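Working notes, structure below.
Number of protein chains: 2
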Amino acid sequence: MRPVSKILLSVLMAATTHAADPLPSWNDTSPKKAIIEFVKSVTTKGSADFVPAPERIATFDNDGCLWAEQPMYFQAFFIFDRIKQLAPQHPEWKTEEPFASVLKGDHKGALAGGEEALIKMTMATHTGMTTDEFNEIATDWVTTAKHPETGKLYTEMVYQPMLELLAYLRANDFKTFIVSGGGIDFMRPWTERVYGIPPEQVVGSSVKTKFEMRDGEAVVMRIPELNFIDDKEGKPVGIQTHIGRRPIFSAGNSDGDLQMHQWTQAGDGPRFSLYVHHTDAEREWAYDRDSHIGRFDKGLDEAKAKGWTVVDMKNDWKVVFPE
Amino acid sequence: MRPVSKILLSVLMAATTHAADPLPSWNDTSPKKAIIEFVKSVTTKGSADFVPAPERIATFDNDGCLWAEQPMYFQAFFIFDRIKQLAPQHPEWKTEEPFASVLKGDHKGALAGGEEALIKMTMATHTGMTTDEFNEIATDWVTTAKHPETGKLYTEMVYQPMLELLAYLRANDFKTFIVSGGGIDFMRPWTERVYGIPPEQVVGSSVKTKFEMRDGEAVVMRIPELNFIDDKEGKPVGIQTHIGRRPIFSAGNSDGDLQMHQWTQAGDGPRFSLYVHHTDAEREWAYDRDSHIGRFDKGLDEAKAKGWTVVDMKNDWKVVFPE
Chain X
2 MRPVSKILLS VLMAATTHAA DPLPSWNDTS PKKAIIEFVK SVTTKGSADF
52 VPAPERIATF DNDGCLWAEQ PMYFQAFFIF DRIKQLAPQH PEWKTEEPFA
102 SVLKGDHKGA LAGGEEALIK MTMATHTGMT TDEFNEIATD WVTTAKHPET
152 GKLYTEMVYQ PMLELLAYLR ANDFKTFIVS GGGIDFMRPW TERVYGIPPE
202 QVVGSSVKTK FEMRDGEAVV MRIPELNFID DKEGKPVGIQ THIGRRPIFS
252 AGNSDGDLQM HQWTQAGDGP RFSLYVHHTD AEREWAYDRD SHIGRFDKGL
302 DEAKAKGWTV VDMKNDWKVV FPE
Chain C
2 MRPVSKILLS VLMAATTHAA DPLPSWNDTS PKKAIIEFVK SVTTKGSADF
52 VPAPERIATF DNDGCLWAEQ PMYFQAFFIF DRIKQLAPQH PEWKTEEPFA
102 SVLKGDHKGA LAGGEEALIK MTMATHTGMT TDEFNEIATD WVTTAKHPET
152 GKLYTEMVYQ PMLELLAYLR ANDFKTFIVS GGGIDFMRPW TERVYGIPPE
202 QVVGSSVKTK FEMRDGEAVV MRIPELNFID DKEGKPVGIQ THIGRRPIFS
252 AGNSDGDLQM HQWTQAGDGP RFSLYVHHTD AEREWAYDRD SHIGRFDKGL
302 DEAKAKGWTV VDMKNDWKVV FPE
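If you want it as structure tokens, here you go:
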């Protein structure tokens, strides 16, 4: 190709890119239209709804909103894998619940002890090492472990339409944050690569940590004590602690995100709250009001009453996972 | 002026800006040279010390590093002003210490009770309202209150050379954070305007907060309980909690910043730690090893032993405050 036509081609391509659909995996149904209309209104200078770029804060739940969460939270698979890995150093686990159930492959039994059992397993697997060491452990797992039903890496089970939404908001000078009940340091090692969200824009649940000098080297140790639960009423608190500015856009999928949406909506000016509704048993999973994981009941009622945007996965998304 | 010469002028001005000294208020002494050399080494592609932009995290202490801190922390003036303002609603304060001393104008007496008295006064003045209400209170104060000795707004007592350093780092794709023992929500209302640092990049001490519905409106209440002290050993913990990535550049001025520097230095690759040494009794205040506020003793020893950059305010800075 001669230089002149090369230039022409690149100009044409740039024009095409500019005109391209920013949300190609979304059907042209009402959620897509509402998102684009909102983004246009807050980014159009002179519009009554214009919001200066630094105030364009968007917060996203992770489990069930950016990646899947069935048949159980992916971090629970990490916990079980870690328990199996650490078992040789803990012979007592053979008879001690909930560890004994995990080692027998009985995940339901392990979770039967409810929150207490889950916290016990989290402390046993997420603490006692430095932050750098934990970072490496989580990175190793997430780059190798496969989902038992799909055989995919967990990071391949992210929602393509939501990746496009994140990119579209950032292209319009939004700052995108994760605000998840999941472990903050479990997510941080991979959110930048997978979602384009850097560690400092991840808000999540945490254990306490402690600075110390170990053999003359500065380390931060993870200690077996809960620090913060970033779920339900915790989400606005997490947002206030980490961001200090109210979001104008929030996205979630369960009752655990309701208070985040309420906090977003309570601000002045234009606000957008989005709920992903899991309606697609064929391409993903269908669940809502009666689900143990990602229960969507009060949130669904309030979304309907307040006119928030509810995404019907089956009808509103062309694809679910990246192809 | 005719269009052509206007264009010419703007081209010339752009060229001048490009070649301009990025740190004009710094003398050409070793700290300035070390800063520029470091920034060049981590931003030069192909250099062995190159650091990708997302990892260029820079953390700055606030009191005594970005703004002054004498004769006492500026937030203490805020506390005293608030106590005087709230006194009519608290007749009991007339006889209750440390409030009684404050109301008599005896600041030293009020602080004689040490940490316990300070926490008592902080809780009385910083909690019991929503985060939005506190934001407004802090904004009102910082835009009107004057320093008793200089008669300046407190935000005019920021260090011009440090403002230039922040801007220089950001121009080289560093992300600048405050990591201060001061109150996170006391700083956030003005750090963006004064330092160019948005609320989500401020790490500081905090009280606990709680989400609730008040008259049907979502609010986050500030409650009278300490949440986190972002000083000394707390600084690496605050950095890990909020940023989740180790800084490659840190700046402070006291022993309270020593652990932050140690944490910065413990990472791989190029690292820069800077200490501002208050040596200028004429233009500011001179204090170090024996000072009650901003004691700089262990930090000074370690900086010398490790070869960190120590800024001698008197000799290394052309100006102290913006003119």
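These protein sequence lines map, in sequence, to chains X and C. Position 201, counted from 1, in the first sequence is what our numbering calls 202; the numbers after and before it change by one each time, with no gaps. Position 115, counted from 1, in the second sequence is what our numbering calls 116; the numbers after and before it change by one each time, with no gaps. All C-beta atoms in this analysis are idealised placements derived from N, C-alpha and C, irrespective of residue type, glycine included. Computed from a predicted structure; not experimentally measured.
Ordered along the chain, which non-local residues of its own chain (more than five positions away) have a Cβ less than 8 Å from that of residue i?
i, result
"X/I58", "F175, K176, F178, I244, R246, R247, P248, I249 and F250"
"C/D256", "K233, R296, F297, D298, K299 and G300"
"C/D50", "S42, V43, G270 and P271"
"X/K33", "L24, W27 and D317"
"C/K211", "V221, M222 and I224"
"X/H108", "M73, A77, F81 and S102"
"C/H278", "N254, D289, F297, L301, V311, V312, D313 and M314"
"C/E56", "R246 and I249"
"C/I84", "W94, F100, V103, L104, M122, A125 and T126"
If we cut at 8 Å on Cβ distances, does residue i have a partner in chain X?
i, result
"C/T17", "Confidence is the limiting factor: at C/T17 the pLDDT is only 46, short of 50, which leaves the residue's position unreliable, though a coordinate-based value still follows. Not an interface residue."
"C/W264", "yes"
"C/P237", "yes"
"C/L221", "As written in the sequence, residue 221 of chain C is Val, which differs from the Leu given in the question. Yes, contact with chain X."
"C/E333", "No statement about residue 333 of chain C is possible, as the shown extent of chain C runs from 2 to 324 and does not include it."
"C/E226", "no"
"C/R325", "Nothing about residue 325 of chain C can be read from this structure; chain C reaches only from 2 to 324."
"C/L13", "Note that C/L13 scores 49 on pLDDT, short of 50, meaning its location in the model is unreliable; the coordinates nonetheless yield the value given after this. So, not an interface residue."
"C/R272", "no"
For residue i, I'd like the list of residues in its chain whose CB is within less than 7 Å of its CB, leaving aside the five on either flank, ordered along the chain.
i, result
"X/A101", "W94 and K95"
"X/K147", "K153 and L154"
"X/T151", "M158"
"C/T156", "V143, W191 and V195"
"C/T280", "A287, D313, M314 and K315"
Taking all protein chains shown into account, do 16 or more other C-beta atoms lie within 10 angstroms of the C-beta of residue i, making it buried, or fewer, making it exposed?
i, result
"C/D231", "buried"
"X/A113", "exposed"
"C/R290", "exposed"
"C/V312", "buried"
"X/S48", "exposed"
"X/T310", "buried"
"X/V400", "Shown here, chain X extends from 2 to 324; a query on residue 400 of chain X therefore has no answer."
"X/E324", "exposed"
"C/A172", "exposed"
"C/D64", "buried"
"C/P89", "exposed"
"C/A54", "exposed"
"X/E117", "exposed"
Using a Cβ-Cβ cut-off of 8 Å, state whether residue i counts as contacting chain C.
i, result
"X/G245", "yes"
"X/D186", "yes"
"X/A267", "yes"
"X/Q260", "yes"
"X/R242", "Note on identity: in this sequence residue 242 of chain X is Thr, with Arg being the wrong assignment. At least one chain C Cβ lies under 8 Å of X/T242."
"X/E234", "yes"
"X/E218", "yes"
"X/R189", "yes"
Less than 7 Å separating the Cβ of residue i from some heavy atom of the ligand SAH?
i, result
"X/S251", "The ligand content of the structure shown is nil, which means the ligand SAH is not present either."
Excluding sequence positions up to five away, which residues of its chain have a Cβ less than 6 Å from the Cβ of residue i?
i, result
"C/E193", "P199"
"C/G110", "S102"
"X/M163", "L67"
"X/F273", "F39 and F250"
**Q.** the stretch 74-83 of chain X contacting the stretch 262-277 of chain X, beta-carbon criterion three pairs below 8 Å
**A.** Under the Cβ criterion (8 Å, minimum of three pairs), the stretch 74-83 of chain X does not count as touching the stretch 262-277 of chain X.
(Q) For the stretch 113-141 of chain C, list every residue whose C-beta sits within 7 Å of some C-beta in chain X, in sequence order. (A) From the stretch 113-141 of chain C, only T132 have a Cβ closer than 7 Å to chain X.
Q) When you check each C-beta in the stretch 278-307 of chain C against every C-beta of chain X, which residues fall closer than 8 Å? A) Cβ contacts with chain X come from no residue of the stretch 278-307 of chain C.
(Q) To be precise: take each residue of the stretch 200-214 of chain X, compare its Cβ to all Cβ atoms of chain C, and keep it if any distance is under 9 Å. Which residues remain? (A) Answer in chain order: P200, E201, Q202, V203, S207, K209, T210, K211, F212, E213 and M214.
(Q) With three or more beta-carbon pairs closer than 8 Å as the criterion, would you say the stretch 227-237 of chain C touches the stretch 250-261 of chain C? (A) Segments in contact, yes.
Q. When you check each C-beta in the stretch 41-71 of chain C against every C-beta of chain X, which residues fall closer than 9 Å?
A. Contact residues of the stretch 41-71 of chain C toward chain X are P55 and I58 (C-beta to C-beta distance below 9 Å).
Q) Pairing CB atoms from the stretch 220-228 of chain C with CB atoms from the stretch 31-38 of chain C, are three or more of them under 8 Å? A) No, they do not touch.
Q: Report yes or no: do three or more beta-carbon pairs, one from the stretch 124-132 of chain X and one from the stretch 271-284 of chain X, lie closer than 8 Å?
A: Result no; under three Cβ-Cβ pairs closer than 8 Å.
Q) Using 8 Å as the threshold, is the stretch 159-170 of chain C in touch with the stretch 214-221 of chain C, meaning 3 or more CB pairs across them? A) Result no; under three Cβ-Cβ pairs closer than 8 Å.
Q) Counting pairs of Cβ atoms below 8 Å between the stretch 135-142 of chain C and the stretch 105-121 of chain C, do you hit three or more? A) No: the two stretches stay apart, fewer than three of their Cβ pairs being nearer than 8 Å.
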